[in-house]
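In this text, residue positions in the first sequence follow numbering that gives the first Met the number 0: the first is 0, and each later residue adds one.
Each residue gets a CB set at the ideal place from its N, CA and C atoms; glycine is no exception.
Predicted model, so just to flag it, every value in this text is computed and none were measured.
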Amino acid sequence: MADKYVPQEIEPRWAKHWEDDGLYNSEIDPNREKFYAMTMLPYPSGDLHIGHWYAMAPSDARARWLRMKGYNVLFPMGFDSFGLNAENAAIKRNIHPKTWTEKNMEYMRQQLRTMGTIIDWRREHATSHPDYYKWTQWFFLQFYTHGLAYRKMSAVDFCPQCNTTLAREQVWGDDRHCERCGTPVIKKDLEQWFFRTTDYAEELLDHSHIDWPERVKTMQTNWIGRSEGAHVTFRTEAGDPIEVFTTRPDTLWGATFMVLAPEHPLVDQITTDEQRAAVANYIAEAARKTEIDRTAEGKEKTGVFTGGYAINPVNDERIPIWIADYVLISYGSGAIMAVPFGDQRDFEFAREFGLAIVPVLRPAGQDADPVADKMAEAYEGPGIMINSGPINGIEHNGEKGSKSPAVAAAIKILEDKEIGHGAVNYRLRDWLISRQRYWGAPIPMVYCDQCGIVPIPESDLPVLLPDDVDFMPTGESPLRYHEGFLHTTCPTCGGPATRETDTMDTFMCSSWYQFRYLSPHYDDGPFDPEEGAYWLPVDQYTGGIEHATMHLMYTRFFTKAMRDCGVFGPMDNVAQAMGRDMTGMYDEPMLALFNQGMILGEPRDGDLIVVEGAFAGEKFNATSLKVVTSIDDIPIGQQTVTGGEVMRRVETTLNVRTPDGRDVVIDTFDDTTFDIPGFENANINQIKHHLEVEKMSKTQGNVVAPDELVNEYGADTVRAYLMFAFRWEQGGPWDSQGIQGPARWVEDVWNIVMGGAPNGPADPKAERALRRRVHQTIQKVSDGMETFSFNTTVAELMALRNDLKTVIRDQNVSATVWNEAIETMLTLMAPITPFIAEELWIKTGHEYSIHNQPWPAFDPEIAAEDEITLVVQINGKVRDRIQVPADISEEDAIKLALESEGAVRHMEGKEPRKVIYINQRGMVNIVV
RNA sequence: GGGGCAGUGGCGGAAUGGCAGACGCCGUGGACUUAAAAUCCACUGGGGAGACCCGUGUGAGUUCGAAUCUCACCUGCCCUACCA
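As structure tokens, this is what we get:
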């Protein structure tokens with residue numbers, strides 16, 4: 000063969016050619032339908048890992064497919080380049096975050112270019128560049144002006160490792176740890192900036208205009224946590240109001256005590272002198288306890304009586320006020336009315352402290368009222384109200400909110416008596432955006448003794464990050480110690496003022512980046528209205544599920560807030576002139592979303608070793624070490640020889656599991672001899688340790704480097720493998736053997752195409768069969784691209800390869816039919832393996848570029864089978880298969896089926912009771 | 001405790017009411033080779049000489065027909081959690 004497949008030569012050449020030509024430059028074209036496809040932008044950690052490839056390459060393939068289908072496609076890329084990693088690197092390695100970030104981005108750009116994407120690099124942006132964060136700051140000012148940003152002192156979550164506050168969404172898990180570093184958070188009282196996300200709670204619950212995965216919608220819905228009920232105002236004996244939220248206002252007549260969160264502002268006032276010491280003690284205890292301690296104690300209720308009393312507004316009963324840490328200051332009003340009869344937590348608390356329980360409902364289907372002393376747990380089900388004055392006899396049907404007649408009746412009474420009103424409460428909190436860190440966009444505000452909080456005028460943006468800063472992790476922003484940054488003059492009065500030294504949560508930068516791609520160098524606004532009117536909104540977004548309640552909520556909030564601040568106004572006229580109807584187009588950032596899965600590390604057994612040496616206490620000091628092939632070669636229970644499977648290696652120490660299941664720690668030294676088959680001068684570094692299926696991480700040693708794969712196999716093969724290996728939405732553990740399949744496929748295609756057309760006598764039947772297969776492949780590949788079923792898409796193309804190999808062996812189609820098949824196959828492959836498709840396209844005498852070819856048209860007539868296998872079933876079991884013409888009539892099919900050998904044998908002369916004919920599947924089922 | 005998703009060969013997976021296991025990896029046998037790699041050919045869910053039988057986490061059900069629909073259970077993963 001004259002020409003061998005050398006991806007290392009082909010791929011860089013085409014990558015350069017395409018870029019020099021601007022083949023993938025996306026320009027506004029009102030005559031063509033646009034498609035804005037986007038993948039979540041990477042953080043510039045410094046190395047593109049296999050997860051980036053897995054997220055981007057299939058997305059790129061789909062964008063390419065849409066492009067060939069005739070859409071004007073925009074597929075941009077940028078960097079989420081503010082953030083803690085850069086700052087931590089600065090502290091650790093004494094490199095400036097800017098230097099570190101820029102260097103990483105430069106390297107990653109090069110890596111990304113090997114992937115063969117249709118990224119339009121002219122539109123790249125990085126969120127840490129001043130011409131980007133100027134507009135992040137501008138959005139802050141817009142939100143501030145429109146009342147969507149406010150500053151408040153509150154108990155906020157603080158990560159002691161990252162030395163900064165976190166938004167509620169960024170605190171994860173049972174132990175409430177930092178999303179980024181895993182350290183449990185602590186509470187701090189701080190003045191912080193918030194965005195009013197809760198104003199949008201109701202709108203964020205509405206997912207009806209977006210095609211997003213159910214899972215994401217459910218997670219967001221649960222996160223927002225809407226509950227319907229009522230606000231009720233109780234009063235202390237002194238007349239101070241205590242507002243509570245309840246989902247069960249119908250049970251108000253059973254409220255026998257109140258509980259305040261220990262941090263509640265009224266606690267001090269209510270507490271009587273006798274109780275003061277006990278209360279102070281309890282508050283101190285609660286503050287001291289970490290979240291972990293609280294959970295560790297399970298649901299054991301603790302609390303203290305304040306000595307104070309409140310009046311139940313519906314029946315004027317005098318009820319005691321307690322404090323307890325099961326009431327959270329951060330939810331609702333930080334105070335509850337306790338109804339031990341109908342709420343399990345209140346029930347437990349009442350039983351613990353001997354408080355009154357008043358039944359207020361007769362459970363459905365029972366003919367006697369419940370007796371408080373006999374109850375084992377609270378009753379939360381439906382029934383008829385009792386002991387509840389004006390609402391006695393009304394039904395609580397178990398439905399939530401006003402759908403329950405009893406709840407509706409209770410709300411009416413509250414509103415009539417003006418002691419409360421129907422209300423909706425959300426679990427969602429306002430978004431805390433202040434971060435006490437350097438490497439982020441400065442919040443553009445100043446504090447003036449004369450004028451108070453003053454926004455920086457738009458014309459003075461951006462507020463630049465100073466370069467010369469000490470990166471000491473103090474828990475306060477390093478900017479606070481930068482005199483030149485800190486001290487400024489008040490924009491209003493010109494007097495001395497200090498700047499806000501906190502920076503913004505980096506999720507703020509990524510909340511609007513889809514807009515900046517449109518015009519990354521535009522100077523008169525965050526994006527060019529001309530571009531926006533054409534490209535917006537994003538048609539297809541792809542990325543990981545981990546951002547369901549973070550980035551994906553924030554960007555939805557941001558888009559809606561932008562709309563309400565009038566940011567999209569300038570686009571309207573342009574859109575109208577273009578003939579685009581933008582109704583509802585500013586409500587959601589991304590119309591469709593697809594979540595790809597994650598690639599996990601490859602599992603592997605550790606080396607089996609036999610070690611000679613001696614035990615020194617618990618450890619075994621090795622003099623020689625040998626890798627063996629069988630567990631039977633390892634002696635057990637000896638003093639000078641041990642061994643087993645290597646489970647872990649830390650420096651020169653090995654953790655080994657012996658054949659009888661014990662764990663031994665083996666120390667090796669400079670003079671320890673190593674005998675490892677396949678290595679000349681073996682050393683400890685060549686010992687392989689056991690790997691479980693886990694997330695990839697450097698410390699685990701299970702990281703797959705895409706650069707190495709590209710060097711070895713070429714980007715086309717890596718792309719194809721990532722699309723073929725798993726269901727894209729699922730992901731799974733890496734399999735280093737599996738890449739052989741796609742590697743052979745790509746190489747086969749090369750050899751098939753370079754081998755040229757067959758030259759034997761053509762067989763019309765074989766020609767028809769080949770054309771049929773080609774058109775069936777067009778349909779299946781198109782369907783697969785549409786539905787993100789990339790694995791079956793590649794499988795179909797592999798199957799076509801198999802058929803072409805058969806044709807080569809049989810040498811029985813004409814050059815015309817052959818060439819048509821090759822042409823179509825290359826076009827179908829172009830989105831998946833862009834380099835080899837282009838190279839072979841040109842080599843087979845076609846015009847540059849294959850990536851400007853239209854997607855092949857599917858012809859159902861050519862794809863139709865003319866003969867099918869008729870499956871004959873008796874009572875649902877396959878008993879025969881017969882070849883019949885595809886257009887066989889029902890009668891003929893049934894007749895042939897009844898006469899078939901297998902059917903006759905299994906019917907044993909019985910009469911068919913019923914015969915079912917399935918046309919589409921070519922099947923006859925005979926019931927006897 | 002609440003909510004969601006999933007369970008198919010040794011492995012990744014295909015089939016969403018109609019021939020279970022497409023496509024690929026691994027494996028086995030053979031060809032080529034002094035040999036190996038690569039490549040090519042054949043086989044590759046289990047049982048059985050075979051006709052056939054069994055088989056999609058378990059058990060029931062609906063149906064002429066169930067991996068697919070319904071119910072219960074088991075297992076795993078994800079989210080959430082004293083949310084009033």
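- Query: Which residue's Cα is closest to the Cα of VAL468: VAL462, LEU478 and ALA574?
  - Reply: The candidate whose alpha carbon is nearest that of VAL468 is LEU478.
- Who pairs with MET384 in a beta bridge, going by DSSP? Answer is LEU360.
- C-alpha distance - MET0 paired with ALA768, whole-angstrom precision: Because the pLDDT at MET0 is just 42, under 50, the model does not fix this residue reliably, and the value given afterwards should be weighed accordingly. If you take the alpha carbons of MET0 and ALA768, they lie about 28 Å apart.
- Task: Please look up how many angstroms separate the CB atoms of MET37 and GLN775, rounded, as I've assumed it's under 8 Å.
- Result: In this structure MET37 does not touch GLN775 by the C-beta definition: roughly 32 Å separates them, more than the 8 Å allowed.
- Message: Going by beta-carbon coordinates alone, are ILE422 and GLY228 separated by less than 8 Å?
- Response: The question names Ile, but residue 422 is Ala in the sequence shown. With a cutoff of 8 Å on beta-carbon distance, ALA422 and GLY228 are scored as near each other.
- Query: Is it buried or exposed for THR548, if we count other Cβ within 10 angstroms and need 16 for buried?
  - Reply: By the neighbour-count criterion, in which 16 or more other beta carbons inside 10 Å mark a residue as buried, THR548 falls on the buried side.
- Message: Extract the residue ranges of the beta strand (DSSP E) inside the stretch 680-746, only unbroken runs of 3 or more that lie entirely within it.
- Response: When DSSP assignments are scanned along the stretch 680-746, the uninterrupted stretches of beta strand (DSSP E) that are 3 or more residues long and fall wholly within it turn out to be 730-732.
- Identity of the residues DSSP links to LEU653 by a beta bridge: Answer is ARG648 and ILE665.
- Message: Relative to the C-alpha of ASP865, which candidate in HIS850, GLY921 and VAL816 has its C-alpha closest?
- Response: The candidate whose alpha carbon is nearest that of ASP865 is GLY921.
- Collapsed DSSP secondary structure at ASP879 in the structure displayed: In this structure, ASP879 counts as strand in the three-state DSSP scheme.
- Message: Short of 6 Å in beta carbon distance, which residues of its chain neighbour ARG66, apart from the five on each side in sequence? Order them along the chain.
- Response: Answer for ARG66: VAL72, listed in chain order.
- PRO11 versus ASP504 - alpha carbon distance: Going by the C-alpha atoms only, they are around 38 Å apart.
- Whether ILE598 touches GLY730 by CB criterion (8 Å): Going by C-beta atoms, ILE598 is nearer than 8 Å to GLY730.
- Task: Verify whether the separation of the beta carbon atoms of GLY333 and HIS420 is less than 8 Å.
- Result: No, these two residues do not count as a Cβ contact at 8 Å.
- Where ALA742 and PRO830 are concerned, what is the direct C-alpha to C-alpha distance, given to the nearest angstrom? A direct Cα-to-Cα measurement between ALA742 and PRO830 gives close to 17 Å.
- Using only alpha-carbon positions, find the residue among THR220, ASP501 and TYR378 that is nearest to THR163. It is ASP501 whose Cα lies nearest to the Cα of THR163.
- Task: Go ahead and pull the three-state DSSP assignment for MET0.
- Result: In this prediction, MET0 scores a pLDDT of 42, lower than 50, which makes its location untrustworthy; the coordinate-derived value is nonetheless stated afterwards. Coil, per DSSP.
- Message: Helix, strand or coil for CYS177? Go by DSSP, reduced to three states.
- Response: In the structure shown, CYS177 falls within a strand segment according to DSSP collapsed to helix, strand and coil.
- Task: Would you check if the stretch 50-64 and the stretch 772-791 touch, i.e. whether three or more CB-CB distances between them fall below 8 Å?
- Result: Yes: the two stretches touch, three or more of their Cβ pairs being nearer than 8 Å.
- Residues near LYS3 by beta carbon distance below 7 Å, same chain, minus five either side: Excluding residues within five positions, none has a Cβ falling inside 7 Å.
- Mapping DSSP to helix, strand and coil, what is ILE117? Under the three-state reduction of DSSP output, ILE117 falls in the coil class, being neither helix nor strand.
- Collapsed DSSP secondary structure at CYS489 in the structure displayed: Correct three-state label for CYS489: coil.
- Task: With a 10 Å radius around its C-beta and 16 neighbouring C-beta atoms as the bar for buried, classify GLY53 as buried or exposed.
- Result: For the record, residue 53 in the displayed sequence is Tyr; it is not Gly. Buried.
- Message: Can you tell me whether GLU847 is buried or exposed? The criterion is at least 16 other CB atoms within 10 Å of its CB, across all chains shown.
- Response: Note that residue 847 is Tyr in the sequence shown, not Glu. TYR847 comes out exposed.
- Query: Measuring CB to CB, does LEU431 end up less than 8 Å from ALA166?
  - Reply: Yes, Cβ-Cβ distance for LEU431 and ALA166 is below 8 Å.
- alpha helix (DSSP H) segment containing TYR533, residue limits: Counting along the chain, the alpha helix (DSSP H) containing TYR533 begins and ends at 528-534.
- Considering only residues of the same chain and omitting the five flanking positions on each side of ALA254, which have a CB-CB separation below 7 Å? Taken in chain order, the residues that qualify are ASN311, ILE318, MET336, ALA337 and VAL338.
- Mind the definition here: the stretch 124-137 touches the stretch 106-113 only if three or more C-beta pairs lie below 8 Å; say whether that holds. Cβ pair count under 8 Å is below three, so no.
- Query: Helix, strand or coil: which one does DSSP assign to ALA885?
  - Reply: Correct three-state label for ALA885: coil.
- Message: Among the candidates PRO41, ALA863 and PRO443, whose CA atom is the shortest distance from the CA of TYR143?
- Response: For TYR143, the nearest C-alpha among the options comes from PRO443.
- Message: Please give me, in chain order, every unbroken run of the alpha helix (DSSP H) with length at least 4 that falls completely inside the stretch 756-822.
- Response: The DSSP assignment places 763-785 and 789-809 as complete runs of the alpha helix (DSSP H) inside the stretch 756-822, in order along the chain (cut-off: 4 residues).
- Limits of the unbroken beta strand (DSSP E) element including ARG234: Where ARG234 is concerned, the enclosing beta strand (DSSP E) stretches over 225-235.
- Task: Let me know if PRO41 comes out buried or exposed under the rule of 16 or more other beta-carbons within 10 Å of its beta-carbon.
- Result: Buried: at least 16 other Cβ atoms inside 10 Å.
- Item | Length of the line joining the Cα atoms of GLY542 and HIS51 | Rounded to whole angstroms, GLY542 to HIS51 spans 10 Å at the Cα level.
- Query: Would DSSP call ASP156 helix, strand or coil?
  - Reply: Of the three classes helix, strand and coil, the one that applies to ASP156 here is strand, per DSSP.
- Item | Reduced DSSP secondary structure (H/G/I, E/B, other) of VAL447 | The identity of residue 447 in the sequence shown is Cys, whereas the question assumes Val. In the structure shown, the three-state DSSP call for CYS447 is strand.
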